[in-house]
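Student: Mind having a look at this structure? Questions to follow.
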Amino acid sequence: MQNPSETAAESGIVGGEADAPDQHRQRLFSGLRIVSLCTLLSRVLGLIRDMGMAALFGLTPIADHFVVAFSIPNLARRLFGEGALSASFLPVLTRELQKPDRENVWRLVSAVFALLTVSLTALVLVGELGIWGLLKWGSHDTDIHILLGLTAAMLPYLILICLAAQVSAVLHVLGHFTLPALVPVMLNLFWIATLWLVAPFFAPDALSQAYVIAVAIVIAGGVQVAMQWPLLKKYGFHFRTDWSSAMPRVREIVWATLPVMLGMSTTLINTLADRMIAWGFARFLENPPLQEGAAAALYYAQRLYQFPLGVFGVALGTVLFPLLARHAAQQRYDLLRHDLTLGLRLVVAIGFPASVGLVLLARPLATTLFEYGEFDAGDSARTAGLIAAYGCGVWAYCGQLILYRAYYALDDRTTPLRVGLASVGVNLALNLTLIWPLGGEGLAYATTISATLQVLVLTWMIQSRAGQVDGRRLWGTILKSGIATAVMSAACFLAMWMCGEAQGIPSRVLSVVIPVVVSVIVYYAAATLLGMNELKMLLRRKVDEEH
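If you want it as structure tokens, here you go:
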């Protein structure tokens with residue numbers, strides 16, 4: 048049996064000469080398939096978990112409080128964990144792995160792990176003390192007290208999941224994608240088990256049930272770290288305390304993280320702003336443009352657009368980023384442009400039909416997934432409008448992930464920061480404008496519009512750094528995917544009409560499954576007839592040279 052470090056070295060992930068284009072392309076698609084399948088499992092479990100949450104809490108104030116409270120450690124996870132810190136850490140670690148001395152690599156990893164743990168522990172302690180002070184001497188509003196209490200219960204999750212994300216980043220650089228991709232599965236398993244096995248013992252006290260779920264989330268965070276540690280040890284990692292030689296790289300990572308944090312977090316900040324505005328406007332305005340439960344409805348809608356984003360967009364970004372960073376470190380800008388163009392073409396080929404599919408199937412999805420227990424038909428109608436509004440931008444959200452990582456691979460953190468800050472401003476202005484005529488849907492459309500503008504600007508600006516992307520192939524994919532998506536839409540409409548109005552759970556499920564299956568088959572057939580190669584690349588075990 049091969050040693051993991053030997054396997055990584057032989058595959059070209061660690062050190063060695065630059066790969067031939069067919070070799071690195073093969074590794075790209077192999078890793079993408081693995082991560083996509085694991086992420087698909089996680090997202091399916093996530094939908095089951097959300098179905099349980101919707102049935103248990105509906106669009107009630109408790110649901111609002113929980114999703115806003117969970118957003119805070121979840122945002123920190125995306126910033127300090129799998130987002131900004133990983134984006135800064137990974138290129139530096141990739142450069143170190145090109146050198147023969149592996150001990151310096153483990154010193155760097157140890158220093159980053161220690162700094163992250165100490166910093167986040169201090170941050171959580173400050174947060175807990177601040178919440179305690181607000182509960183004791185601040186507002187006596189019941190809603191605020193519940194929100195603060197749930198936030199305090201889930202804050203420790205922040206430390207654990209961010210550390211788990213950094214372990215995953217190291218394994219990605221070493222060429223191992225499967226186990227890190229299964230890390231989110233553990234959270235969903237703990238959450239689902241608590242919903243169905245533990246929470247019923249606390250019924251009908253919804254607040255106690257919410258606290259039980261919060262505790263389960265923290266426990267899952269510990270398991271997410273522990274499940275990856277043995278594999279990291281197999282690669283040769285053992286914790287070092289002599290960090291002096293690694294400190295210059297640590298300082299580089301820290302200084303790089305700050306602009307990256309702001310740049311990569313724009314969609315997350317926009318999403319959190321949507322929830323906070325929905326939560327606050329529904330409670331503190333005399334004639335609010337939306338009602339209680341708006342924050343929970345936004346959360347469920349966001350979970351639906353995050354399904355294709357996670358299964359494909361995040362998976363592609365996860366696999367593509369180490370390759371882009373490696374091309375940049377080796378100054379192989381021809382390969383970098385090739386992989387960036389290929390990434391954008393894949394985003395279009397998958398993102399266009401995913402966006403249209405969510406818009407067309409918004410109401411059947413909301414009804415089938417969430418309309419149980421406390422979640423009624425009116426709640427489904429509210430959520431469906433939000434699913435459609437967010438769904439319009441799936442291709443843009445995926446494109447953001449690819450483009451940000453391309454900039455960071457090129458060691459350009461300023462451009463994404465400037466564009467990201469402008470996007471936050473645009474989103475906030477659109478939020479406060481569109482919320483009055485459109486209600487909650489206005490918040491969702493604001494996020495979609497700002498993401499679309501970001502992708503267009505970032506694509507235009509990156510060509511001054513990396514050179515011209517292959518515009519002929521990219522525009523060809525856009526045209527062909529657009530035509531195939533239009534054909535798919537007609538087939539989806541026909542399938543929905545033939546299914547009729549769903550009555551009962553089996554017919555609800557069929558009202559989603561049949562149009563989805565028809566849409567996938569028709570889109571693939573139309574794309575094949577139009578000569579699109581991107582879908583074939585994703586499905587083949589061996590990736591042939593493009594033509």
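Take the sequence shown: its position 17, counting from 1, is numbered 64 in this note's numbering, and each next residue is one higher. Glycine residues also receive a C-beta, built at the ideal position from the N, C-alpha and C atoms. All values derive from a computational prediction rather than experimental measurement.
(1) For the alpha helix (DSSP H) containing Ala41, name the first residue and the last one.
(2) Which of helix, strand or coil does DSSP assign to His219?
(3) Can you give the beta carbon distance from Glu339 to Asp188, rounded, assuming they're within the 8 Å contact cut?
(4) To the nearest whole angstrom, what separates the beta carbons of Leu218 and Gln271, a pair I think is in contact under 8 Å?
(5) Which word fits Gly62, buried or exposed, when buried means at least 16 other C-beta atoms lie within 10 angstroms of its C-beta?
(6) Measuring straight from C-alpha to C-alpha, what distance separates Leu236 and Gly93?
(7) Within a Cβ cutoff of 7 Å, which residues of the same chain sit near Leu44, ignoring the five residues on either side of it in sequence?
(8) CA-CA distance, Leu577 and Ala263?
(9) Look at the alpha carbon of Pro336 and the alpha carbon of Met98, and state the distance between them as a whole number of angstroms.
(10) Given 7 Å as the limit, tell me if Leu278 has its C-beta closer than that to any heavy atom belonging to the ligand GTP.
(11) Could you tell me whether the region 228 to 242 touches the region 290 to 301, using the rule of 3 or more Cβ pairs below 8 Å?
(12) What's the C-alpha gap between Met579 and Pro553?
(13) Pick out whichever of Met535, Val567, Leu87 and Gly446 has its Cα sitting closest to the Cα of Ile509.
(14) Please state whether DSSP places Leu389 in a helix, a strand or coil.
(15) Please list the terminal residues of the continuous alpha helix (DSSP H) segment that includes Asp423.
(16) Figure out for me which residue from Ile434, Trp326, Pro400 and Lys527 has the closest Cα to the Cα of Ala409.
(17) Give the secondary structure of Cys439 by DSSP, where H, G and I count as helix, E and B as strand, and everything else as coil.
(18) Would you mind giving the Cβ-Cβ distance between Leu242 and Arg96, rounded to the nearest angstrom? I have them listed as a contact below 8 Å.
(19) Pro623: which of Ile191, Glu150, Ser83 and Leu541 sits nearest, CA to CA?
(20) Going by DSSP, what residue range makes up the alpha helix (DSSP H) through His187?
(21) Can you list, in chain order, the residues of its chain whose CB lies under 7 Å from that of Asp517, leaving out five sequence neighbours each side?
(22) For the alpha helix (DSSP H) that contains Thr288, what are its first and last residues?
(23) Looking only at its chain, what residues have a beta carbon closer than 6 Å to the beta carbon of Gln49, apart from the 5 residues adjacent to it on each side?
(24) In whole angstroms, what is the alpha-carbon distance linking Ile530 and Gly514?
(25) Buried or exposed for Ala67, going by 16 or more other Cβ atoms inside 10 Å?
(26) If you compare alpha carbons, which of Phe249, Ser255, Ser215 and Ser292 is closest to Asp148?
(27) Using the three-state DSSP reduction, which class does Glu488 fall into: helix, strand or coil?
(28) Just to confirm the assignment, what range does the alpha helix (DSSP H) spanning Gln353 have?
(29) With 16 as the cutoff for other CB atoms within 10 Å, does Gly551 come out buried or exposed?
(30) Run the CB neighbour count on Gly440, radius 10 Å, all protein chains shown included, and call it buried at 16 or more, exposed below.
(31) How close, in whole Å, do the beta carbons of Ala116 and Met201 come, if the pair is a contact with beta carbons under 8 Å?
(32) Could you tell me whether the Cβ atoms of Arg392 and Leu521 are closer together than 8 Å?
(33) Tell me whether Asp97 sits in a helix, a strand or coil according to DSSP, three-state version.
(34) If you draw a straight line from the alpha carbon of Val366 to that of Val82, how long is it in whole angstroms?
(35) Apply the 10 Å Cβ neighbour rule to Phe540 and answer buried if 16 or more other Cβ atoms are within range, or exposed otherwise.
(36) Roughly how many whole angstroms lie between the Cα atoms of Arg429 and Tyr437?
Tutor: Taking the coordinates as given:
(1) Outside the displayed range of the chain (48 to 594) lies residue 41, so it cannot be described from this structure.
(2) helix
(3) Incorrect: roughly 14 Å between the Cβ atoms, too far for contact.
(4) Incorrect: roughly 13 Å between the Cβ atoms, too far for contact.
(5) Residue placement at Gly62 is flagged as unreliable, the pLDDT there being 41, under the threshold of 50; a coordinate-derived value is accordingly withheld.
(6) Each residue's Cα considered, the two are about 9 Å apart.
(7) The structure shown does not extend to residue 44, since the chain is modelled only from 48 through 594, so no value can be given for it.
(8) 49 Å
(9) 27 Å
(10) As far as ligands go, the structure on display features none, and thus does not contain the ligand GTP.
(11) no
(12) 35 Å
(13) The residue with the shortest Cα to Cα distance from Ile509 is Gly446.
(14) helix
(15) No alpha helix (DSSP H) holds Asp423; DSSP gives it neither H nor E.
(16) Ile434
(17) coil
(18) 7 Å
(19) Nothing in the structure corresponds to residue 623, since the chain is present only between 48 and 594.
(20) His187 -> no alpha helix (DSSP H), and no H or E assigned at all.
(21) Thr388
(22) Here Thr288 belongs to no alpha helix (DSSP H), and DSSP marks it neither H nor E.
(23) Here Gln49 scores only 42 on pLDDT, less than 50, and its place in the model should not be relied on; the value that follows carries that caveat. Nothing meets the Cβ criterion.
(24) 29 Å
(25) With a pLDDT of only 48 at Ala67, under 50, the local geometry of the prediction cannot be trusted, and the value read off the model is given with reservation. Ala67 is exposed by the Cβ-count criterion.
(26) Ser292
(27) Residue state for Glu488 is assigned as helix, using DSSP reduced to three classes.
(28) First-last of the alpha helix (DSSP H) with Gln353: Ala341 to Pro355.
(29) Around the beta carbon of Gly551, fewer than 16 other beta carbons lie within 10 angstroms, which makes this residue exposed.
(30) buried
(31) The pair is a contact, with the Cβ atoms about 6 Å apart (cut-off 8 Å).
(32) yes
(33) helix
(34) 8 Å
(35) exposed
(36) 13 Å
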